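Chemist: Just passing along the structure, written as C-alpha cells.
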Amino acid sequence: MPGWLAPWVYRLESLLSGPWIIKPLIRILRRPAVLRPWIKIAYPRSEAVTNELVEILSRPAYDHGAGNTLWALSSSLRRAEFSTSITEAIATLQIPILLVWGERDHMVPFSLAQRFVGLNSRLMFVPMPQAGHCPHDEYPDDFHAILFPWLEQLTEEKERAAGHPNERSCTQKAGHHP
Numbered sequence: 139m140p141g142w143l144a145p146w147v148y149r150l151e152s153l154l155s156g157p158w159i160i161k162p163l164i165r166i167l168r169r170p171a172v173l174r175p176w177i178k179i180a181y182p183r184s185e186a187v188t189n190e191l192v193e194i195l196s197r198p199a200y201d202h203g204a205g206n207t208l209w210a211l212s213s214s215l216r217r218a219e220f221s222t223s224i225t226e227a228i229a230t231l232q233i234p235i236l237l238v239w240g241e242r243d244h245m246v247p248f249s250l251a252q253r254f255v256g257l258n259s260r261l262m263f264v265p266m267p268q269a270g271h272c273p274h275d276e277y278p279d280d281f282h283a284i285l286f287p288w289l290e291q292l293t294e295e296k297e298r299a300a301g302h303p304n305e306r307s308c309t310q311k312a313g314h315h316p
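Each residue of the sequence shown is one higher than the one before, starting from 139 at the first, in our numbering.
Right, here's the structure in full:
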C-alpha cells in the first residue's frame, strides 16, 4: 500500500471498527445462520460442521462483555506492537514445535506453512492432505495418530536426558502391556 494511503486506511478501519459498530455487529455475527457459512470455510469436510459445533463456536459471543472484547481485539490488531510476528516467534522458540497443517485450509493458506518449516530446527511439520483449518476437529483420529507419538517421543527424550528410562517403554519392550 502506498505510504500516503496508510493513514487514510487506518482512519477508515478505526471508524468502521468503533464500539458503536462492533458491539451491535456481534449480535448479528453470532447467529447460527450467519456463522455456519464461515465455519464451512474453515471445515471443508461438511459432516464436521454439526449443530453442536456451531453452538460451541457461537457460545462465547453470547457472553456478557463479548462486544467489548471483540472491539478491544479489533482495535489492538491494527497496532504495530500488537504482537511479535509469527516468523520471529517460531525462529526464537527453544521448545519442540509440532505444526500440523491442513492442506485444504482456506483461512490460513497451506502455502504459508512452507515459510515456517526452515525457521526452527525443533519444528516438526506434518501436512494433513484432507483437512482444513481445524484438523484436530475434522480428523481427530488422524490428528491423534500424529500428536501422541510426537508427545511420547518428547517424553522419552526428556527422560533420557535426565537419565531416567521411560518405564512404560521398558515394560512394553519386555512384552508387558499395561
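Ideal Cβ positions, reconstructed from N, Cα and C, are used throughout, including at glycine. Owing to the predicted nature of the structure, the values given are computational and were not obtained by experimental measurement.
Taking the beta carbon of F286 as the centre, do at least 16 other beta carbons fall within 10 Å, making it buried, or is it exposed?
Modeler: So F286 counts as exposed.
Chemist: Report yes if the C-beta distance between R253 and I233 is below 8 Å; otherwise report no.
Modeler: no
Chemist: Would you say the region 242 to 256 touches the region 160 to 172, given that touching needs at least three Cβ pairs under 8 Å?
Modeler: Taking a cut-off of 8 Å for Cβ pairs, the region 242 to 256 and the region 160 to 172 do not touch, as fewer than three such pairs fall below it.
Chemist: Please report the distance separating the alpha-carbon of E213 from that of S152.
Modeler: In the sequence as displayed, the identity of residue 213 is Ser instead of Glu. Taking the straight line from one Cα to the other gives about 7 Å.
Chemist: Could you tell me which uninterrupted alpha helix (DSSP H) segments, each at least 4 residues in length, are contained entirely in the region 175 to 241, listed from first to last along the chain?
Modeler: 189 to 196, 204 to 215 and 224 to 230
Chemist: Please say whether G270 and G240 have beta carbons closer to each other than 8 Å?
Modeler: yes
Chemist: Do you know offhand how far W209's Cα is from S155's?
Modeler: Between W209 and S155, the C-alpha separation is close to 7 Å.
Chemist: Is it true that the CB of L289 sits closer than 8 Å to the CB of N258?
Modeler: The criterion of a C-beta distance shorter than 8 Å is not satisfied by N258 and L289.
Chemist: Does P273 come out as helix, strand or coil in the three-state DSSP assignment?
Modeler: helix
Chemist: Which term fits S299, buried or exposed, when burial requires 16 or more other beta carbons within 10 angstroms of its beta carbon?
Modeler: Note on identity: in this sequence residue 299 is Ala, with Ser being the wrong assignment. Flag for A299 reads exposed.
Chemist: What does K263 pair with, by DSSP beta-bridge criteria?
Modeler: At residue 263 the sequence reads Phe, which differs from the Lys that was named. DSSP output for F263 lists L237 as bridge partner(s).
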